[in-house]
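With the first letter of the sequence shown counted as 1, position 65 gets the number 67 in the numbering used here; the numbers rise by one all the way through. All residues carry an ideal CB built from backbone N, CA and C; glycine is no exception. Keep in mind the model is a prediction, meaning the values are calculated, not measured. Reading through the structure tokens given below for one structure.
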Amino acid sequence: MSNFEQPIGGGDLAAPWPLGYLASYDCETTGTDVENDRIVTAALVVPGREPRKWLADPGIDIPTDASDIHHVTTAYARKHGQPAALVIDEITQALADELALRSALVVMNAPFDLTLLDRECRRHGLPTLEDLHDGPIAPVIDPLVLDRAADKWRKGKRKLEVLATHYGVKLDDAHTADADAQAALDVALAIGEKYPELAVPGAVLHGWQITWHARWAAGFEEYQRKTKPDTVISRAWPLVPFQAEEATS
């Protein structure tokens, strides 16, 4: 038995999520502010299909700090990228289509990627993923949340590159959306294989992750407040609820 704490509850183990439909999503952005930054590249990886990839002209300059990571400059995005609204609409519809097929969405650090996509939809006057899905975005499989729960006391960072190495997953071209989406999928499956207690239906695991993330956030917030008393870590997972006053145009 692993050392993660499984919330009370259960489900039908006859349909474990690793054996179901899976679709992995990742995006690269202009920064780390989910309320105001923009999507630059994105990818959707589904086993057995060619990856879907997008390049957007985000409509704002791409800071050097961001382009140094994903190697897409403002000039390149303006020359080769599609209009942001078109890209955001296509991404959202593609994810909604996967959810309609009862796929589980694999998203590393889901509150970042899914919240930023939600705000992009609102910025461009488009239906959000929740709108298209007609309900909460679920089930989501987040390798970061799974790893934190399954191996709580392991020291060190938990970035995708680190998790890939730890779980023996190949990751070439890190910080390109398609490579990261594939690696997130492979890491999730590797975690599921290592910890068979997690091999439950996606809907059940989704609920567990809500609990696990909230517990982690509360603990990390308490730790941070020892030196930074104003620290607030959102308990929301996989999507941070929208509050109109937080976002700017």
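- Non-local C-beta neighbours of residue 57 in its own chain, meaning closer than 8 Å and more than five positions away in sequence, comprise 42, 43, 74, 79, 82, 83, 84, 89, ordered along the chain.
- Taking the Cα of residue 47 as reference, the smallest distance to any Cα among 196, 183, 198 is reached at 183.
- Counted as a single uninterrupted DSSP element, the beta strand (DSSP E) harbouring residue 42 occupies residues 41 to 47.
- The segment 208 to 221 and the segment 133 to 146 touch, with three or more beta-carbon pairs separated by less than 8 Å.
- Secondary structure of residue 236 (DSSP, three-state): coil.
- The beta carbons of residue 203 and residue 25 sit no closer together than 7 Å.
- Within its own chain, the residues whose Cβ lies closer than 6 Å to the Cβ of residue 176, once the five positions on either side in sequence are excluded, are 163, listed in chain order.
- The C-beta distance from residue 108 to residue 187 rounds to 5 Å, short enough to meet the 8 Å contact threshold.
- Inter-residue distance for residue 51 and residue 100 is about 13 Å (C-alpha atoms, whole angstroms).
- Between residue 193 and residue 148, the gap from beta carbon to beta carbon is short of 7 Å.
- In this model, residue 122 and residue 33 are separated by some 13 Å (Cα to Cα).
- Rounded to the nearest whole angstrom, the CA to CA distance from residue 225 to residue 132 is 33 Å.
- If only uninterrupted beta strand (DSSP E) runs of at least 3 residues are considered, those enclosed by the segment 73 to 156 are 106 to 108.
- Distance from the CA atom of residue 237 to the CA atom of residue 137, rounded to whole angstroms, is 19 Å.
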